[in-house]
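Undergrad: Counting along the sequence shown from 1, when you hit position 114 you're at 113 in numbering that gives the first Met the number 0, and nothing is skipped either side.
Even for Gly, the Cβ is constructed at its ideal location relative to N, Cα and C.
Computed from a predicted model, the values in this text were never measured in an experiment.
Okay, handing you the structure first.
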Amino acid sequence: MASKIRSVYVCTECGYESAKWAGKCPGCGQWNTMQEEARDAAPQKAAPAAVRPMSRPMQIGEIDMAEEARYHTGLSELDRVLGGGIVKGSLILVSGEPGIGKSTILLQICDYLGQSLRILYVSGEESARQLKLRAARLGVGSANLFVLTETDVQLVVEQMRQTKPDLVMIDSIQTMSLTDLSSSPGSVTQVRECTNAVMRAAKQLEIPAILVGHVNKDGAIAGPKVLEHIVDAVLYFEGDRQMSYRILRAVKNRYGSTNEIGVFDMGDRGLRQVENPSQAMLEGRPKNVSGTCVTCVMEGSRPLLAEIQGLATASGFGNPRRMATGFDYNRMALLLAVLEKRAGYYFSNLDAYLNVIGGLRLDEPAVDLAVAAALVSSLKDVPLRDDAIVFGEVGLTGELRSVSHAEARVSEAARLGFARCVLPAHCLRQITDKPDIELCGVRTVREAMDALTE
Ligand code: TYD
Ligand code: MG
0 MASKIRSVYV
10 CTECGYESAK
20 WAGKCPGCGQ
30 WNTMQEEARD
40 AAPQKAAPAA
50 VRPMSRPMQI
60 GEIDMAEEAR
70 YHTGLSELDR
80 VLGGGIVKGS
90 LILVSGEPGI
100 GKSTILLQIC
110 DYLGQSLRIL
120 YVSGEESARQ
130 LKLRAARLGV
140 GSANLFVLTE
150 TDVQLVVEQM
160 RQTKPDLVMI
170 DSIQTMSLTD
180 LSSSPGSVTQ
190 VRECTNAVMR
200 AAKQLEIPAI
210 LVGHVNKDGA
220 IAGPKVLEHI
230 VDAVLYFEGD
240 RQMSYRILRA
250 VKNRYGSTNE
260 IGVFDMGDRG
270 LRQVENPSQA
280 MLEGRPKNVS
290 GTCVTCVMEG
300 SRPLLAEIQG
310 LATASGFGNP
320 RRMATGFDYN
330 RMALLLAVLE
340 KRAGYYFSNL
350 DAYLNVIGGL
360 RLDEPAVDLA
370 VAAALVSSLK
380 DVPLRDDAIV
390 FGEVGLTGEL
400 RSVSHAEARV
410 SEAARLGFAR
420 CVLPAHCLRQ
430 ITDKPDIELC
440 GVRTVREAMD
450 ALTE
């Protein structure tokens with residue numbers, strides 16, 4: 000007789016299931032992420048269709064929109080990312096690497112939210128005492144904040160039913176478990192089923208819930224990727240743990256745009272909003288030295304200035320080293336090749352390093368020209384003008400291609416007091432209002448270097 004319990008192998012990154020173990024997940028291609036999980040083989044019997052209550056199709060006009068109530072969190076950067084606040088009955092996943100500040104931001108917003116809402120904070124990671132200490136440090140002492148240290152999700156749901164809080168926070172979903180399931184907490188099945196349980200309760204009781212989910216590069220803990228379908232919004236906290244800046248990004252949002260980011264600064268009293276991120280990113284910028292360049296990237300619909308530093312030095316080895324932090328390594332190699340072949344800047348026997356300041360990660364093609372300029376400036380040891388910013392995409396023939404949102408980038412540069420903006424000549428057409436900054440349209444990297452140094 001076949002055993003009732005069978006085991007399956009589930010990818011901790013993408014949730015792919017397979018009867019056999021594999022070193023590489025056939026679903027997402029990650030290595031060493033397939034983990035064994037016990038699974039009840041007997042399918043759950045659903046009641047016959049005739050017995051189940053039937054839902055009725057509704058005309059779209061009939062559906063009551065009422066007011067889409069949103070709770071403001073007291074942090075405008077967070078509200079912006081959420082699309083205007085927390086929607087009633089929504090399920091929000093806040094994910095990020097351990098130690099990035101997920102628990103901190105949740106506890107911090109409790110103070111403001113606690114003025115009007117009753118909050119249930121479920122912690123499966125920290126003891127009540129630890130939480131209290133942290134709350135004291137953050138200056139959170141709302142009488143409406145209730146702390147529950149529990150890891151059994153059914154008991155959490157029961158608490159939700161009984162106490163009917165206005166908002167639930169679960170820190171973290173990986174520590175929660177359903178006792179009916181045989182797999183261990185943090186496994187894909189547990190994480191998925193726990194989220195489903197919370198979701199059902201949240202939707203039924205119309206209580207918004209915020210879940211914390213850890214991600215781990217080596218996939219040791221079930222990645223929140225498997226949850227992305229279930230929840231309404233996924234916020235991703237990123238940034239270097241060593242750096243104080245943290246960027247909160249919406250990866251998915253059923254109630255708003257995913258184009259917005261929030262910028263925070265981690266201090267000794269928790270996270271502080273950075274209202275003028277461009278200025279913060281440029282703080283302490285060295286003047287009159289070679290190898291540094293300022294560019295403007297678009298984070299969603301928001302322009303953000305960033306400093307890029309390049310260093311080209313004689314190589315001690317036969318094989319020159321290339322290193323890029325905050326920028327795609329392959330893209331840098333490509334730009335170096337273009338600079339050599341098309342613009343006559345020779346890097347072949349030099350080590351080249353690139354660094355984006357502030358722990359930012361820049362993936363936009365518009366950054367190309369600034370990367371090239373920073374590297375060439377270091378190569379020639381010629382400082383670029385302090386009061387100039389540059390952006391543009393570099394093509395393989397060394398030509399400069401236009402990029403989107405030129406006007407927004409230019410006005411951000413003007414707002415921060417830059418005097419000259421070097422941009423692809425094709426972009427000039429996009430700029431209709433005469434900005435308070437000198438525009439230099441250029442066609443090649445060489446022209447751009449001239450405009451940046453003269
Ligand atoms: P935490 O919110 O515990 O991270 P997560 O829940 O994402 O794992 O944040 C932890 C880090 O933040 C920790 O390294 C200490 C730092 N921190 C501060 O620098 N200042 C503070 O006021 C607090 C509360 C934490
Ligand atoms: Mg935490």
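Cα separation between G218 and E339?
TA: Because the pLDDT of G218 is 45, which lies under 50, any placement of that residue in the model is unreliable, and the number read from its coordinates should be weighed accordingly. C-alpha separation (whole angstroms): 40 angstroms.
Undergrad: Considering just the uninterrupted stretch of the alpha helix (DSSP H) at C109, what are its terminal residues?
TA: 101 to 112
Undergrad: Restricting to runs no shorter than 3 residues, where is the beta strand (DSSP E) found entirely within the stretch 348 to 380?
TA: 349 to 355
Undergrad: With a threshold of 7 angstroms (Cβ to nearest heavy atom), would A98 be considered close to ligand 1?
TA: According to the sequence shown, residue 98 is Gly rather than Ala. At least one heavy atom of ligand 1 is nearer than 7 angstroms to the Cβ of G98, so yes.
Undergrad: Taking R400 as the reference, which of G261, V366, L349 has the closest Cα?
TA: Among G261, V366, L349, the Cα nearest to that of R400 belongs to V366.
Undergrad: Nearest to G185 by alpha carbon, out of V225, V233, D327?
TA: Considering only alpha carbons, the answer is V225.
Undergrad: Less than 8 angstroms between the beta carbons of L144 and I118, yes or no?
TA: yes
Undergrad: Could you tell me the boundaries of the alpha helix (DSSP H) in which E406 lies?
TA: 405 to 414
Undergrad: Could you tell me which whole alpha helix (DSSP H) segments of length 4 or greater appear in the stretch 186 to 255?
TA: 187 to 204
Undergrad: If you check the beta carbons only, do R408 and P276 fall under 8 angstroms apart?
TA: no
Undergrad: If you check the beta carbons only, do S314 and S376 fall under 8 angstroms apart?
TA: no
Undergrad: Which whole runs of the alpha helix (DSSP H) in the stretch 270 to 300 are 4 residues long or more, in chain order?
TA: 276 to 281
Undergrad: Within a Cβ cutoff of 8 angstroms, which residues of the same chain sit near L335, ignoring the five residues on either side of it in sequence?
TA: Excluding positions up to five away in sequence, the list reads R321, F346, A351, L374.
Undergrad: According to DSSP, which residues form a beta bridge with I307?
TA: C292, V355
Undergrad: Nearest-angstrom Cα distance between L204 and K163?
TA: Cα to Cα, L204 sits roughly 8 angstroms from K163.
Undergrad: Decide if the stretch 151 to 169 is in contact with the stretch 184 to 201; the criterion is three or more beta carbon pairs, one per stretch, under 8 angstroms apart.
TA: Under the three-pair Cβ rule at 8 angstroms, the stretch 151 to 169 counts as touching the stretch 184 to 201.
Undergrad: Are any of the Cβ atoms in chain C nearer than 8 angstroms to that of C295?
TA: Annotation note: the requested chain C is absent from the structure, which comprises a single protein chain.
Undergrad: With DSSP as the reference, identify every bridge partner of V421, one or two as the case may be.
TA: V389, C439
Undergrad: For A37, which residues from the same chain have a beta carbon less than 7 angstroms from its beta carbon, with the 5 sequence-adjacent residues on both sides left out?
TA: I4, S6, S181, S182
Undergrad: Would you list the residues sitting across from P97 in a DSSP beta bridge?
TA: Note: P97 sits in no beta bridge, so no partner.
Undergrad: So E237 and A249 are in contact, right, with Cβ under 8 angstroms, and what is the actual spacing, rounded?
TA: That belief does not hold up - the Cβ atoms of E237 and A249 are roughly 12 angstroms apart, past 8 angstroms.
Undergrad: According to DSSP, is Q161 helix, strand or coil?
TA: helix
Undergrad: Among the candidates V273, L359, A371, whose CA atom is the shortest distance from the CA of A311?
TA: Here the closest residue by C-alpha is A371.
Undergrad: Once the 5 residues before and after L281 are set aside, which same chain residues still bring their CB inside 7 angstroms of it?
TA: V293, L304, E306
Undergrad: So, for G26: in the same chain, excluding its five sequence neighbours on each side, which residues have a beta-carbon less than 7 angstroms away from its beta-carbon?
TA: C10, C13, Y15
Undergrad: Might you give, ordered along the chain, the residues of its own chain that have their beta carbon closer than 7 angstroms to the beta carbon of V296, omitting 5 neighbours on each side?
TA: Answer for V296: L303, A305, L361, E363, A365, V366, listed in chain order.
Undergrad: Quick one: what's got a C-beta closer than 8 angstroms to M0's C-beta in the same chain, skipping five residues either side?
TA: In this prediction, M0 has a pLDDT of 47, which is less than 50 and means its spatial position is unreliable; what the coordinates show is noted afterwards. So no residue of the chain qualifies.
Undergrad: Quick one: what does DSSP say I118 is sitting in, helix, strand or coil?
TA: strand
Undergrad: Given N348, which residues of its chain have a CB within under 7 angstroms of its CB, disregarding the five upstream and five downstream residues?
TA: S314, P319
Undergrad: Residue range of the alpha helix (DSSP H) that M331 falls in?
TA: It spans 328 to 342 - the alpha helix (DSSP H) in which M331 sits, taken as one unbroken run.
Undergrad: Run the proximity test for S102: is its beta-carbon closer than 7 angstroms to any non-hydrogen atom belonging to ligand 2?
TA: yes
Undergrad: Kindly indicate which three-state DSSP category M0 falls into: helix, strand or coil?
TA: Here M0 scores only 47 on pLDDT, less than 50, and its place in the model is too uncertain to base an answer on.
Undergrad: Leaving out five residues before and five after A208 in sequence, what residues of the same chain have Cβ atoms less than 6 angstroms from its Cβ?
TA: Within the same chain, A208 has close Cβ partners L90, V167, V197, A201.
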